[in-house]
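Visitor:
Number of protein chains: 2
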Amino acid sequence: MSATIEIVEVSPRDGLQNEHVILPTEAKLELIRQVADAGARRIEAVSFARADLVPAMADAEDVMAGVDRTRGISYAGLVLNRRGLDRAIAAAVDEINVVVCASDTFNRRNQNASTEESLAAALDVVTGARAHGIFATVTIATAFGCPFEGEVPLERVLDLAVRAAEGGAQEVCLADTIGVGVPTQVRALTDGFRARSAAPLRFHFHNTRNTGIANALAAIDLGVTTLDASAGGIGGCPFAPNATGNIATEDLLYAIERMGMSSGWNLATLLPTADFLGAQLGHPVPAMVSKAGVFPNS
Amino acid sequence: MSATIEIVEVSPRDGLQNEHVILPTEAKLELIRQVADAGARRIEAVSFARADLVPAMADAEDVMAGVDRTRGISYAGLVLNRRGLDRAIAAAVDEINVVVCASDTFNRRNQNASTEESLAAALDVVTGARAHGIFATVTIATAFGCPFEGEVPLERVLDLAVRAAEGGAQEVCLADTIGVGVPTQVRALTDGFRARSAAPLRFHFHNTRNTGIANALAAIDLGVTTLDASAGGIGGCPFAPNATGNIATEDLLYAIERMGMSSGWNLATLLPTADFLGAQLGHPVPAMVSKAGVFPNS
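Those sequence lines, one after another, are chains E and S. For the first sequence, the UniProt record's numbering begins at 1 and goes up steadily by one. For the second sequence, the UniProt record's numbering begins at 1 and goes up steadily by one.
1. Under a CB-based cut-off of 9 angstroms, is PHE295 of chain S close to chain E?
2. Indicate whether the contact test is met: 3 or more Cβ pairs, each with one atom in the region 185-193 of chain S and one in the region 112-125 of chain S, closer than 8 angstroms.
3. Taking 8 angstroms as the cut-off, does the region 27-47 of chain S touch the region 278-289 of chain E (at least 3 CB pairs, one atom from each stretch)?
4. Starting from the beta carbon of residue 301 of chain E, find every residue of chain S whose beta carbon is closer than 7 angstroms, and list them in chain order.
5. To the nearest angstrom, how far is it from the Cα of ARG258 of chain S to the Cα of GLU151 of chain E?
6. Using a cut-off of 7 angstroms between C-beta atoms, extract the partners of VAL180 of chain E located in chain S.
7. Which class does MET1 of chain E belong to by DSSP, given the choice of helix, strand or coil?
8. Going by DSSP in three states, ILE96 of chain E sits in which element: helix, strand or coil?
9. VAL172 of chain E and ALA165 of chain E: beta carbons closer than 9 angstroms?
10. Under 8 angstroms by Cβ, that's how I've got ALA3 of chain S and THR225 of chain S pegged, so tell me the actual separation to the nearest angstrom.
11. Flag this pair as yes or no: are the beta carbons of LEU78 of chain E and ASN97 of chain E separated by less than 9 angstroms?
12. Per the contact definition of three or more C-beta pairs closer than 8 angstroms, is the region 252-266 of chain S in contact with the region 167-182 of chain S?
13. Mapping DSSP to helix, strand and coil, what is PHE205 of chain S?
14. Mind pulling the chain S residues with CB within less than 9 angstroms of ALA248 of chain E?
15. By Cβ distance, which residues of its chain are closer than 8 angstroms to ALA113 of chain S, with the 5 residues on each side in sequence left out?
16. Report the neighbours of GLY150 of chain S on chain E: residues whose CB is nearer than 9 angstroms to its CB, in chain order.
17. Quick one: any contact between the region 212-223 of chain S and the region 285-296 of chain E, if contact means 3 or more CB pairs under 8 angstroms?
18. Could you say which of E:ASP68, E:ARG69, E:ARG50 lies nearest to ALA60 of chain E if we only look at CA atoms?
19. What does LEU217 of chain S touch in chain E if you count any residue whose Cβ is under 7 angstroms from its own?
20. Going by beta-carbon coordinates alone, are LEU222 of chain S and ASP191 of chain S separated by less than 9 angstroms?
21. Quick one, which residues of the region 127-146 of chain S are near chain E if we go by CB-CB under 7 angstroms, in chain order?
22. Is the shortest distance between the beta-carbon of ASN207 of chain E and the beta-carbons of chain S less than 9 angstroms?
23. Going by DSSP, what residue range makes up the beta strand (DSSP E) through LEU80 of chain E?
24. Does ASP52 of chain E come out as helix, strand or coil in the three-state DSSP assignment?
25. Does MET1 of chain E pass the burial test, meaning 16 or more other C-beta atoms within 10 Å, or should it be called exposed?
26. For a test of the three-state rule: what should DSSP assign to GLU44 of chain S, helix, strand or coil?
27. For chain S, check one thing: does any of its Cβ atoms lie closer than 9 angstroms to the Cβ of THR244 of chain E?
28. Taking only the alpha-carbon atoms, compute the straight-line gap between THR25 of chain S and LEU16 of chain S and give it to the nearest angstrom.
29. Considering just the uninterrupted stretch of the beta strand (DSSP E) at LEU31 of chain E, what are its terminal residues?
30. I need the straight-line Cα distance from VAL182 of chain E to VAL46 of chain E, nearest angstrom please.
31. List in chain order: all unbroken alpha helix (DSSP H) runs of 4+ residues lying wholly within the region 229-271 of chain S.
32. Here's the rule I'm using: 16 or more other beta-carbon atoms within 10 Å means buried, otherwise exposed. How should ASN297 of chain S be labelled?
33. Measure the Cβ-Cβ separation of VAL21 of chain S and ALA229 of chain S and say whether it is below 9 angstroms.
34. Taking Cβ-Cβ distances shorter than 7 angstroms, what residues in chain S pair up with GLY260 of chain E?
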């Protein structure tokens, strides 16, 4: 394989959002600088959720005001509604990510609305973002399973994904929010979506049950070239308290580079970020390559 | 995929051999009972290495004297030379595993002999074992890379593997001893071996750099049906001190069962073994599914 893989670095948002420690703005900016120095060109930097509901992301405007806009990096903000979009526009994000949970129960707990209500709101946000020249992604969360409902029917996920694309999303991201997915699901979702939509497809994997890298490589094998990952493997899900988080950017980089693919990142430059995050968060981070080292060494 | 995957449970030998804590014989027998109860039908139970060199395995005869022989389980012992084979025969193992390191430097440090010398010794052991009706596997270690030499040429690994099969090994196991492998290597090794030998192929993966499950699924995708795994993911390599160990049996079981394959194991029965091992060893074990839980829950 000689593909070039685009990694959307989600540590500043999805990574930090569910940590017990809330990082000061300057530490977030340092994280963003580090991943940018290592090669990140798309960074999910902030969330425009309500500060009282997601206090870890309350400084979204300050973070966006502090990032380096001279490097050609696309900074993304998570947006859930029109109010969030207004903030995103004011903060001049380059792209937005709107989340709709395929599981109705999960969506109600997460967004206090039904999946259908959230999809409608998401498409409204997408339309508004694009009117301002902001690139718009819709993420379908719990696409591989729900902690409350169990299996989420494939057809339900595909229906939402296709409707998101038809409704204006320039990219659809399928998220294994709780880390239960396996490569056969990646294939079924990819094939099913491709049969119905030409929109760019992106995946968001968690390594909760150790299947994250296998899922990422399965997606790549199917021709998907955009994947979320989080430096240090930080993140996780509040509904899976003992679980590890997003797939680690360094672990994904190791695998794809050793398989002969390119990413535009420099793995060696990224490795120290795991220690930075560990010190900031007060616990070791789950990434493995930062502990074990690259190979070969030279 | 509807294949049946055979897992060789290696926690009692490869798992425990490199731990700082040496388990008493009774605890090893309890571990063997637990994995047998969960479904293990091939268990690498002991090593017949010299007790002064591998003190953790000094009670090999006692372990073999204590295992349940009424359950149809094949118990394997690691053997490095004729002296070890004599002990294995006396202890009535069902199968032996002989290791030859593809990296000459690694083999000299590990076995104080050149790779060629160890291959000759291995084939002598294989002949002796088969004369006693003992099933004989040859494992080619450092087949995916060496911590001292770096890359190990594919042709060198294949040459050794084919000569092992031609020399009488009834199964050849290719081992990623230090956990550097990626699925493209699994494919190259599998295709290369299959082109030259009809002998059964088995893989031994470590999850040191988070590629272990991806490698296992890649092997399965290529038609390999026998894989090593270790309950709790215990084990590792003394040359990679910070690294996690063998792929965890529970993590592998989760992936393959959710992909629709069968193993003959009961994952739920195995899950408590991670806590048992953590208590015995004095540290949490790397397996993830035992922390995160199975899915769906019911």
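For each residue, glycine too, the CB sits at the ideal point set by N, CA and C.
Guide: Reading from the atomic positions:
1. Looking up residue 295 of chain S in the second sequence gives position 295. Under the 9 angstroms criterion on CB atoms, PHE295 of chain S is classed as interfacial with respect to chain E.
2. No, they do not touch.
3. With the cut-off at 8 angstroms, the region 278-289 of chain E and the region 27-47 of chain S do not touch.
4. Nothing about residue 301 of chain E can be reported from this structure: the residues present for chain E run from 1 to 298 only.
5. Translated into positions along the second sequence, residue 258 of chain S becomes position 258. Translated into positions along the first sequence, residue 151 of chain E becomes position 151. Their backbone Cα atoms lie some 11 angstroms apart in a straight line.
6. One-based indexing of the first sequence puts residue 180 of chain E at position 180. Residues of chain S passing the Cβ test: PHE295.
7. To locate residue 1 of chain E, count along the first sequence from 1; it is residue 1. Here the model assigns MET1 of chain E a pLDDT of 48, short of 50, so the residue's position is not dependable, and the following value carries that caveat. Under the three-state reduction of DSSP, MET1 of chain E is assigned to coil, being neither helix nor strand.
8. Numbered from 1 along the first sequence, position 96 holds the residue referred to as residue 96 of chain E. It is a strand residue.
9. Position 172 of the first sequence, counted from the first residue, corresponds to residue 172 of chain E. Position 165 of the first sequence, counted from the first residue, corresponds to residue 165 of chain E. Yes, Cβ-Cβ distance for VAL172 of chain E and ALA165 of chain E is below 9 angstroms.
10. The residue you call residue 3 of chain S lines up with position 3 of the second sequence. The residue you call residue 225 of chain S lines up with position 225 of the second sequence. With 8 angstroms as the limit, ALA3 of chain S and THR225 of chain S qualify as a contact, their Cβ atoms being about 6 angstroms apart.
11. By one-based count along the first sequence, residue 78 of chain E stands at place 78. By one-based count along the first sequence, residue 97 of chain E stands at place 97. By the CB criterion at 9 angstroms, LEU78 of chain E and ASN97 of chain E fall inside the cutoff.
12. Segments in contact, no.
13. For the purposes of this step, residue 205 of chain S is identified with residue 205 of the second sequence, where counting begins at 1. Coil.
14. For the purposes of this step, residue 248 of chain E is taken as the residue at position 248 of the first sequence. Simply ASN210.
15. In the second sequence, counting from the first residue as 1, residue 113 of chain S sits at position 113. Excluding sequence neighbours, ALA113 of chain S sits near ASN107, ALA121.
16. Mapped onto the second sequence, residue 150 of chain S falls at position 150. Ordered by position in chain E, the residues that pass the 9 angstroms Cβ test against GLY150 of chain S are PHE295, PRO296, ASN297, SER298.
17. Contact between the region 212-223 of chain S and the region 285-296 of chain E is not established, with fewer than three Cβ pairs separated by less than 8 angstroms.
18. Stepping through the first sequence from its first residue, residue 60 of chain E is reached at position 60. Minimum Cα distance to ALA60 of chain E is reached at E:ARG50.
19. Here residue 217 of chain S refers to the residue found at position 217 of the second sequence. Within chain E, the C-beta atoms nearer than 7 angstroms to that of LEU217 of chain S come from PRO183, ALA214, in chain order.
20. Reading the second sequence from its first residue, position 222 is the one you call residue 222 of chain S. Reading the second sequence from its first residue, position 191 is the one you call residue 191 of chain S. Yes.
21. Against chain E - using a Cβ distance shorter than 7 angstroms - the residues of the region 127-146 of chain S are GLY145.
22. Indexing the first sequence from 1 puts residue 207 of chain E at position 207. Yes, because at least one Cβ of chain S sits closer than 9 angstroms to the Cβ of ASN207 of chain E.
23. Residue numbering aside, residue 80 of chain E sits at position 80 when the first sequence is read from its first letter. Counting along the chain, LEU80 of chain E sits inside no beta strand (DSSP E), nor does DSSP assign it H or E at all.
24. For the purposes of this step, residue 52 of chain E is identified with residue 52 of the first sequence, where counting begins at 1. Coil, per DSSP.
25. Within the first sequence, residue 1 of chain E is the residue found at index 1, counting from 1. For MET1 of chain E, the predicted structure reports a pLDDT of 48, less than 50, and the residue's modelled location is therefore unreliable. The matter cannot be settled from this model.
26. Along the second sequence, one-based indexing puts residue 44 of chain S at 44. GLU44 of chain S: strand per DSSP, three-state reduction.
27. As a first step, residue 244 of chain E must be located in the first sequence, where it is residue number 244. Chain S, which has a Cβ nearer than 9 angstroms to the Cβ of THR244 of chain E, makes this yes.
28. For the purposes of this step, residue 25 of chain S is taken as the residue at position 25 of the second sequence. For the purposes of this step, residue 16 of chain S is taken as the residue at position 16 of the second sequence. Taking the straight line from one Cα to the other gives about 12 angstroms.
29. Sequence index remark: in the first sequence, residue 31 of chain E carries index 31 (1-based). For LEU31 of chain E, there is no enclosing beta strand (DSSP E); the residue is part of the alpha helix (DSSP H) that begins and ends at 25-38.
30. Translated into positions along the first sequence, residue 182 of chain E becomes position 182. Translated into positions along the first sequence, residue 46 of chain E becomes position 46. Looking at the two C-alpha atoms, the distance is approximately 29 angstroms.
31. If only uninterrupted alpha helix (DSSP H) runs of at least 4 residues are considered, those enclosed by the region 229-271 of chain S are 249-258, 267-270.
32. If you number the second sequence from 1, residue 297 of chain S lands on position 297. In summary, ASN297 of chain S is exposed, with fewer than 16 beta-carbon neighbours lying within 10 Å of its beta-carbon over all protein chains present.
33. Walking along the second sequence from the start, residue 21 of chain S turns up at place 21. Walking along the second sequence from the start, residue 229 of chain S turns up at place 229. No, the pair does not count as a contact, with Cβ atoms beyond the cut-off.
34. Mapped onto the first sequence, residue 260 of chain E falls at position 260. Within chain S, the residues near GLY260 of chain E are THR184.
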